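Each remark here refers to the structure printed beneath this line.
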Amino acid sequence: MAISLTPIQFPPTFEAPECPELGREVHGIHPRDVCGDPEAFAALEKALYQHDLLLFRNVDLGPKEQYRLVKVGGMPLFASIADPDTTGLFDASAETYGHGGKIERSSILSYLKKIPRVPQVQVIGHGVVDGHEGLERIELKHAHDSMFHKTTIPKEEEERCGATRFLRWHMDAALFKFDPPKVTALDLGQVVRYGNGTGDDLTVPLGTTAFVSGKTMFETLPPEWPSFAARAKATYAPRPFEWIWNAKTLSTGLGLVTEGKEVGLEDLSDWEEAKVKVYPFLWKNPVTAKLHLQVHPMAVREIIVEAIPYDQRSERDVYPDGGHITDLNEIREVLYKMQRPGIAPKFVYPHPCAQLPAGARKSKDLVLFHNRGLMHSVVGHFAEGQVRLFHQCNLASLDQPEGPSPQDIELLQVAVRRVVV
Numbered sequence: 001m002a003i004s005l006t007p008i009q010f011p012p013t014f015e016a017p018e019c020p021e022l023g024r025e026v027h028g029i030h031p032r033d034v035c036g037d038p039e040a041f042a043a044l045e046k047a048l049y050q051h052d053l054l055l056f057r058n059v060d061l062g063p064k065e066q067y068r069l070v071k072v073g074g075m076p077l078f079a080s081i082a083d084p085d086t087t088g089l090f091d092a093s094a095e096t097y098g099h100g101g102k103i104e105r106s107s108i109l110s111y112l113k114k115i116p117r118v119p120q121v122q123v124i125g126h127g128v129v130d131g132h133e134g135l136e137r138i139e140l141k142h143a144h145d146s147m148f149h150k151t152t153i154p155k156e157e158e159e160r161c162g163a164t165r166f167l168r169w170h171m172d173a174a175l176f177k178f179d180p181p182k183v184t185a186l187d188l189g190q191v192v193r194y195g196n197g198t199g200d201d202l203t204v205p206l207g208t209t210a211f212v213s214g215k216t217m218f219e220t221l222p223p224e225w226p227s228f229a230a231r232a233k234a235t236y237a238p239r240p241f242e243w244i245w246n247a248k249t250l251s252t253g254l255g256l257v258t259e260g261k262e263v264g265l266e267d268l269s270d271w272e273e274a275k276v277k278v279y280p281f282l283w284k285n286p287v288t289a290k291l292h293l294q295v296h297p298m299a300v301r302e303i304i305v306e307a308i309p310y311d312q313r314s315e316r317d318v319y320p321d322g323g324h325i326t327d328l329n330e331i332r333e334v335l336y337k338m339q340r341p342g343i344a345p346k347f348v349y350p351h352p353c354a355q356l357p358a359g360a361r362k363s364k365d366l367v368l369f370h371n372r373g374l375m376h377s378v379v380g381h382f383a384e385g386q387v388r389l390f391h392q393c394n395l396a397s398l399d400q401p402e403g404p405s406p407q408d409i410e411l412l413q414v415a416v417r418r419v420v421v
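Residues 1 to 421, numbered by UniProt numbering, are exactly what the sequence shown covers, in order.
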């Protein structure tokens, strides 16, 4: 079956020339049929890594079909599908939901509801829903910035002009014990106020998910930071979402306010040092070989930086001697300097869900996104009585993200020296 791709129609706020490869709409195949068509699978997987986000419009997909699609998506690149009933499209041996089988204490994960017959698929949204996929009655809550942010938008401004915020920028990942999923399947007008003194605003659809490219985030780094990014590794806290249980988020949704509210390591649920995750700042795309800046800005507890050889140093280098950064305030300042340019309004794609017909509760859009190449955030708020329902599926991968090679690091350092000269 022939698959065709067309560029996504981005909103006027998004400067597509800055991200020419991001996002494609898929035509010519229903996502459920991908699992039984090796040729379509290979084309779809390649397209996912090339474009980071794929959109299927007006499709009906059951939870089991959504799970199979994501499971297929973790297979080795361009592998054939031997048994479409037991293998999936993106991680053939993966079975575990991205945060593990048990949802730990977390202000984020408490909003997810598992579908009993396919627990890897989560129900998210807003409102009271009766009799959905084996769940007799569920009360969904679309998270609001007042629950997590240090400061909040005044209620009158929220009501008068629909002001809202990015909730929390992140990748889907447990960041402890399990490795980050490769793909997430999301079976899917307000104004975002960044609130950090820049005056940045962004008009977005109601209750959307916003995406930014880790590749763009890396390529827009100030010139002194690419070498640092290539040399740095993030050590994540054990059980990170318990660790930040009491902490508050910045107004941009990009990181935490450092107030000493993190839960002490001795007070966390049982953990082992061997399950603590350490990942490079930059993750290499397995198809394009491009580098993506992929760091969860809220869960990092330490940064380890390699030193630059003396004969490769320049005046512009930051942390040329390398080091071990353990001060949380310094860690968060470094991450904010690096990541904030990448969430400027012109780089944010707020996905416009298909308009729901009267009485419908479930969007007909299916978004597959490269979880190791994008970051995303929930946006917006719903009024009393509004109902919206989505299905989300991602599976913890069986391999770690690949970081930059020694050659990548050397080339980036050469580029820094050229800028200085």
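Cβ coordinates follow ideal geometry from the N, Cα and C atoms, glycine included. The structure presented is a predicted model; accordingly, all values stated were derived computationally and were not measured.
Assign residue i to buried or exposed, taking buried as 16 or more other Cβ atoms, counted over all protein chains shown, within 10 Å of its Cβ.
i    : result
T235 : buried
P180 : buried
E136 : exposed
L89  : Below a pLDDT of 50, predicted positions are generally treated as unreliable, and L89, at 43, falls in that range; no measurement from the model is reported.
L265 : exposed
H126 : buried
V414 : exposed
Y310 : exposed
S397 : buried
H324 : exposed
C393 : buried
P297 : buried
K113 : buried
Q407 : exposed
K161 : Here residue 161 is Cys; the residue named in the question, Lys, does not match the sequence. Exposed, since its Cβ has fewer than 16 Cβ neighbours within 10 Å.
P20  : exposed
A383 : exposed
A173 : buried
L77  : In this prediction, L77 has a pLDDT of 36, which is less than 50 and means its spatial position is unreliable; nothing more can be read from the coordinates.
Q190 : Note on Q190: pLDDT 47, under 50, position unreliable in the model; the coordinate value appears next. Flag for Q190 reads buried.
A274 : exposed
K155 : exposed
G199 : exposed
D321 : exposed
A237 : buried
When the distance is taken between beta carbons, is residue j closer than 8 Å to residue i?
i    : j    : result
G253 : R168 : yes
H51  : L22  : yes
H149 : K248 : yes
V295 : L335 : yes
V129 : L411 : no
V300 : F228 : no
L268 : R239 : yes
T209 : V378 : yes
K215 : K290 : yes
Q120 : L395 : yes
F257 : N246 : Correcting the residue identity first, residue 257 is Val in this sequence and not Phe. Cβ distance not < 8 Å, so V257 and N246 don't count as in contact.
V212 : F41  : no
Taking residue i as part of the beta strand (DSSP E), name the residues at either end of that continuous run.
i    : result
I304 : 300 to 305
Y279 : 278 to 280
D145 : First-last for D145: 145 to 148, but that is the alpha helix (DSSP H), not the beta strand (DSSP E).
F369 : 366 to 370
F56  : 53 to 56
F390 : 388 to 394
E139 : 135 to 140
I325 : 323 to 325
V257 : Unbroken run through V257: none, as it is neither H nor E.
P33  : Checking the sequence, you will find Asp at residue 33 rather than Pro. Segment: none, D33 is in no beta strand (DSSP E) and carries neither H nor E.
K113 : 113 to 115
V128 : 118 to 132
H292 : 291 to 293
State the start and end residues of the unbroken alpha helix (DSSP H) segment that holds residue i.
i           : result
residue 425 : No answer is possible for residue 425: it lies beyond the span of the chain, which begins at 1 and ends at 421.
V334        : 328 to 339
S227        : 226 to 231
E315        : No alpha helix (DSSP H) contains E315, which DSSP labels as neither H nor E.
M217        : 214 to 219
P240        : 240 to 243
Contact check, residue i vs residue j under 8 Å by CB: the rounded distance?
i    : j    : result
E65  : R32  : 5 Å
M375 : H142 : About 19 Å; that fails the 8 Å criterion.
V183 : L48  : 7 Å
S251 : T151 : 6 Å
M338 : L293 : 7 Å
C44  : I8   : Correcting the residue type first, residue 44 is Leu in the shown sequence and not Cys. Their Cβ separation, rounded to whole angstroms, is 16 Å, which puts L44 and I8 out of contact at 8 Å.
T13  : R24  : Actually they do not touch by this definition, with Cβ atoms about 19 Å apart.
H391 : V34  : Their Cβ separation, rounded to whole angstroms, is 17 Å, which puts H391 and V34 out of contact at 8 Å.
H370 : L53  : 7 Å
V287 : K46  : 6 Å
G255 : R332 : 5 Å
Open item on the list: Between the stretch 343 to 352 and the stretch 314 to 332, can you find at least three pairs of beta-carbon atoms closer than 8 Å?
Closed with: No, the stretch 314 to 332 does not touch the stretch 343 to 352.
Task: Cβ contact (3+ pairs, closer than 8 Å) linking the stretch 336 to 348 and the stretch 24 to 36 - done: Short answer: they don't touch.
- [ ] Could you tell me whether the stretch 397 to 414 touches the stretch 207 to 222, using the rule of 3 or more Cβ pairs below 8 Å?
- [x] No contact exists between the stretch 397 to 414 and the stretch 207 to 222.
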